[in-house]
Structure formats: structure tokens, C-alpha cells
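Accompanying notes for the structure given below.
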Amino acid sequence: ETGVTQSPTHLIKTRGQQVTLRCSSQSGHNTVSWYQQALGQGPQFIFQYYREEENGRGNFPPRFSGLQFPNYSSELNVNALELDDSALYLCASSWTGGGTEAFFGQGTRLTVV
Amino acid sequence: GQQLNQSPQSMFIQEGEDVSMNCTSSSIFNTWLWYKQDPGEGPVLLIALYKAGELTSNGRLTAQFGITRKDSFLNISASIPSDVGIYFCAGQLGENAGGTSYGKLTFGQGTILTVHP
Numbered sequence: 010e011t012g013v014t015q016s017p018t019h020l021i022k023t024r025g026q027q028v029t030l031r032c033s034s035q036s037g038h039n040t041v042s043w044y045q046q047a048l049g050q051g052p053q054f055i056f057q058y059y060r061e062e063e064n065g066r067g068n069f070p071p072r073f074s075g076l077q078f079p080n081y082s083s084e085l086n087v088n089a090l091e092l093d094d095s096a097l098y099l100c101a102s103s104w105t106g107g108g109t110e111a112f113f114g115q116g117t118r119l120t121v122v
Numbered sequence: 095g096q097q098l099n100q101s102p103q104s105m106f107i108q109e110g111e112d113v114s115m116n117c118t119s120s121s122i123f124n125t126w127l128w129y130k131q132d133p134g135e136g137p138v139l140l141i142a143l144y145k146a147g148e149l150t151s152n153g154r155l156t157a158q159f160g161i162t163r164k165d166s167f168l169n170i171s172a173s174i175p176s177d178v179g180i181y182f183c184a185g186q187l188g189e190n191a192g193g194t195s196y197g198k199l200t201f202g203q204g205t206i207l208t209v210h211p
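Note that the protein sequences, when read in sequence, are chains S and Y.
Note that the numbering used here has the first sequence beginning at 10, numbered continuously upward.
Note that the numbering used here has the second sequence beginning at 95, numbered continuously upward.
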């Protein structure tokens, strides 16, 4: 067990709605990265948060946004949901500057109908 | 988005057989990682490689960091039924990119491993 927890585990939303996913990082980790994993694909990097600021972003539109809190936990927000946003959303925590690798949570399965 | 080229896409083997899979990239990475993902779960880190040419083992798993830093290999010896799952390679720029690249991973498409008892 990695200690990275995500909530909720499953979610169904309607196209056009907004969604917030949550992640608690592993104890001792200060960085949270978010990934989108479509069915049958590898995870795709969305963005990373370090010191409560975005620290790098993948090829995702601005309607994907996030937050990091002082306790290093994080949220992923997606506005104006599209059908193609249906995927497993993974959160990974790591320690920037310390050389620890990314440990993943169990993911949130989002279905957009 | 960019993904690494991972092969094979799937493998069906008998218990006890050895398995090999590999990953290639058009870009150089300073760290190569191998993860295993079970259905409904997040990826679990198996092996991390930090130096070109490095060969690292973790039980029955052995992985190598290619000399060119553009490829990596994972071998599983004497497979058992619990090895079933999806294996992903991932590249990371790591410490040489200013210390802020940990956790920013580029993944392969995955290799689906099925082990028949």
C-alpha cells in the first residue's frame, strides 16, 4: 500500500458538468502529479503541483485545473465535461529534490454520459 | 500526447516461462521506471533505473537502462500466475532537469501479460 488515497473511486457525470477529484499524498511527499488514463492506454501527464503552484503541464486544455493545499493534498477540477474525458484519473505523489519516485493512488474512474 | 513505444502489446505464456518486454523512445530520459497495474488499481513501481547501462534486479524481475538512454528492457523469469497484469515503462527527465521533473512521467502503451497455469 502506497499511502496515496483518491476520492471518489467512481463517478458518473453528465456532459457539460464540472467535477472535482481529490488526492491525499503519501506521508513525506511534497509533490502531486495528475494523470489521465484512457481505456487501453498508458497514463498521460496532466499537470504537477509543487509548493501549491502548478509546476509543469501536459497537453491538456485550460478547463483542466488544479490546486494543492498546505498539507500537500491536491484537487483536480475539470470544467465543461466532454465524453472523451471519461477515463481513470490517477494521482501520484513524490518528493521533489529528494529523488523519490512517483507512487500512485488507486485512481478515480470518471464516466461522462 | 507523447507515449513511448512499448512492445509487445500482449503476451500469452505458460507458467514457468521467461518473459521479455521493451520500450523505446525518440527522446533521451535520465530515469527509466517499470510499473505493473492490476485491474481497477493504480500502477505500482517495480524497478527504477538511473544510469545508462544499469542492470537492476528485483526478485524475478530484471531491467536494463539502455546505453543510448532511449530504451529499456524488462525481463521476468519463471513466471507465475500472479504476474498477470499490465506492465508499463515510463521515462522521466529526473534530477538533471533542475530537480523538478520527479513525477512527470511519459508512459508506454503497456504490455498485457497473461500467464496460463
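Even for Gly, the Cβ is constructed at its ideal location relative to N, Cα and C.
Item, Value
"So what does DSSP say about L48(S), is it helix, strand or coil?", "coil"
"Between N42(S) and chain Y, is any beta-carbon pair separated by less than 8 angstroms?", "Strictly speaking, residue 42(S) in this sequence is Ser, with Asn absent from that position. Answer yes: the Cβ-Cβ gap between S42(S) and chain Y drops below 8 angstroms somewhere."
"Using beta carbons (cut-off 8 angstroms, strictly below), is A157(Y) in contact with chain B?", "Absent from the structure is chain B; the protein chains it does hold are S and Y."
"So who's on the other strand from V209(Y), going by DSSP bridges?", "I107(Y)"
"State yes or no: is the beta carbon of N190(Y) nearer than 8 angstroms to at least one beta carbon in chain S?", "For N190(Y), the predicted model reports a pLDDT of 46, less than 50, meaning its position is unreliable and no value from the coordinates is stated."
"Taking any Cβ of chain Y, which residues in the segment 65–92 of chain S have a Cβ under 9 angstroms from it, in chain order?", "G65, G67, N68, F69"
"What does the Cβ neighbour count give for P79(S), buried or exposed, with the cut at 16 atoms within 10 Å?", "exposed"
"Candidates I122(Y), L199(Y), K130(Y): which alpha carbon is nearest L155(Y)'s?", "K130(Y)"
"Work out the CA separation of T40(S) and E61(S) for me, nearest whole Å.", "9 angstroms"
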